[in-house]
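By the numbering used here, the letter at position 140 of the sequence shown is numbered 140, and the numbering carries on one by one without gaps. All C-beta atoms, glycine included, are put in the ideal place defined by N, C-alpha and C. All of these numbers come straight from a predicted model, not from anything done at the bench.
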Amino acid sequence: MTLRRRELVRARREMQVVFQDPFGSLNPRWRVTELVEEPLLGYGVRGAEARRERVGELLDLVGLDPATHGRRRPGELSGGQCQRVAIARAIALNPALVICDEAVSSLDVLVQAQVLNLFEQLRRELGLSYLFISHDLALVKQVSDRVAVMHLGQLTEIGPAASLYRRPRHPYTSALLASIPDPTPGSGRAQRRPAPLSGEPPSPLDPPTGCRFRTRCSRAQARCEREQPVLREHAPGHLAASHFPL
Ligand code: SF4
């Protein structure tokens with residue numbers, strides 16, 4: 001889909017991104033107040049006083065003190081604080097959607113939980129929607145209403161989180177879910193290794209014909225080599241792309 005320039009500007013305002021590396025996504029020479037003011041300037045929010053007030057509001061919202069943290073540069077902040085600055089920048093223009101691209105994966109577990117709580121608080125207060133991109137399936141389960149699984153650049157399964165985690169229909173999703181360690185004592189899954197997937201992952205530059213998962217799928221048959229499966233609905237709102245779904 002192509003957008004005209006004006007539509008693109010509006011779409012960018014409505015959609016913001018928080019990236020994985022909080023240090024890499026912020027200009028190390030700028031102070032926190034400048035970093036948070038930048039999107040306001042970029043989208044023509046007029047008046048230095050109005051912008052200063054908005055920056056203070058945003059820093060409050062993400063749990064940073066404008067008086068102390070506002071004067072610092074990224075190198076003087078922790079990873080969690082930098083990610084809060086990145087979140088303040090992302091929500092500065094009141095977007096409808098924030099794309100979180102592995103946004104907590106570089107943080108330690110404790111800080112990760114704090115930042116996830118912040119995302120949840122902002123969702124409630126500002127009515128935001130998030131698109132979380134993550135390899136951490138336990139995290140995805142915790143934060144998602146709806147989950148889409150991709151394999152070699154293609155959607156293999158999409159559905160309500162509860163339905164997809166309870167009963168995955170695609171063999172790839174099933175293998176992924178079996179690899180999540182269960183920390184419950186006595187579950188017997190604490191030491192669980194990833195479900196055996198035979199063979200090496202194919203190159204995304206030269207994927208197999210038909211179903212891209214077929215070289216590693218225990219259910220593969222001749223049809224899987226000939227025909228690329230398409231997404232089909234197997235339960236309300238729950239789709240999988242497999243000729244022989246589970
Ligand atoms: S289409 Fe065939 S190879 Fe692909 S996931 Fe389904 S059963 Fe496995």
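Which of the three DSSP states, helix, strand or coil, is assigned to residue i?
{"i": "Tyr43", "result": "coil"}
{"i": "Asp60", "result": "helix"}
{"i": "Val18", "result": "strand"}
{"i": "Cys224", "result": "helix"}
{"i": "Glu34", "result": "helix"}
{"i": "Glu200", "result": "coil"}
{"i": "Leu8", "result": "helix"}
{"i": "Gly153", "result": "coil"}
{"i": "Leu26", "result": "coil"}
{"i": "Pro74", "result": "helix"}
{"i": "Glu53", "result": "helix"}
{"i": "Ser218", "result": "coil"}
{"i": "Arg193", "result": "Below a pLDDT of 50, predicted positions are generally treated as unreliable, and Arg193, at 49, falls in that range; the measurement from the model is reported next regardless. Arg193 falls in the coil class under three-state DSSP."}
{"i": "Leu164", "result": "helix"}
{"i": "Gly188", "result": "Confidence in Gly188 is poor, its pLDDT being 48 and thus under 50, which makes the residue's placement too unreliable to answer from."}
{"i": "Ala67", "result": "coil"}
{"i": "Ala103", "result": "coil"}
Exposed or buried, which one is residue i when buried takes at least 16 other CB atoms within 10 Å?
{"i": "Ala240", "result": "buried"}
{"i": "Leu77", "result": "buried"}
{"i": "Leu122", "result": "buried"}
{"i": "Pro168", "result": "buried"}
{"i": "Arg216", "result": "buried"}
{"i": "Phe213", "result": "buried"}
{"i": "Ala113", "result": "exposed"}
{"i": "Ser218", "result": "exposed"}
{"i": "Tyr43", "result": "exposed"}
{"i": "Val109", "result": "exposed"}
{"i": "Pro67", "result": "Strictly speaking, residue 67 in this sequence is Ala, with Pro absent from that position. Ala67 comes out exposed."}
{"i": "Phe132", "result": "buried"}
{"i": "Val70", "result": "One detail in the question is off: residue 70 reads as Gly in this sequence, not Val. Result: buried."}
{"i": "Ser129", "result": "exposed"}
Does residue i have its Cβ less than 7 Å from a Cβ in chain B?
{"i": "Pro201", "result": "Checking the listed chains, one finds no chain B in this structure; it contains a single protein chain."}
Based on DSSP bridge pairs, tell me the residues matched to residue i.
{"i": "Glu233", "result": "Leu239"}
{"i": "Ala148", "result": "Ile158"}
{"i": "Leu97", "result": "Met15 and Ser129"}
Starting from residue i, trace the alpha helix (DSSP H) both ways and give me its first and last residue.
{"i": "Cys82", "result": "Gly79 to Ile91"}
{"i": "Thr173", "result": "Pro171 to Ala178"}
{"i": "Phe119", "result": "Val109 to Leu126"}
{"i": "Ala138", "result": "Leu137 to Val143"}
Could you check where the beta strand (DSSP E) with residue i kicks off and where it finishes?
{"i": "Leu131", "result": "Ser129 to Ile133"}
Taking one C-beta from the segment 140–160 and one from the segment 225–244 each time, how about it: are there three or more such pairs within less than 8 Å?
yes
Is it a yes or a no for the segment 31–43 touching the segment 89–96, going by three-plus beta-carbon pairs under 8 Å?
yes
Taking 8 Å as the cut-off, does the segment 137–149 touch the segment 165–179 (at least 3 CB pairs, one atom from each stretch)?
yes
Pair every Cβ in the segment 13–33 with every Cβ in the segment 71–84, then say whether three or more of these pairs are closer than 8 Å.
yes
Count the C-beta pairs between the segment 1–15 and the segment 95–102 that are closer than 8 Å, then say yes if the count reaches three, no if not.
yes
Okay, do the segment 159–167 and the segment 129–145 touch, 3+ Cβ pairs below 8 Å being the bar?
yes
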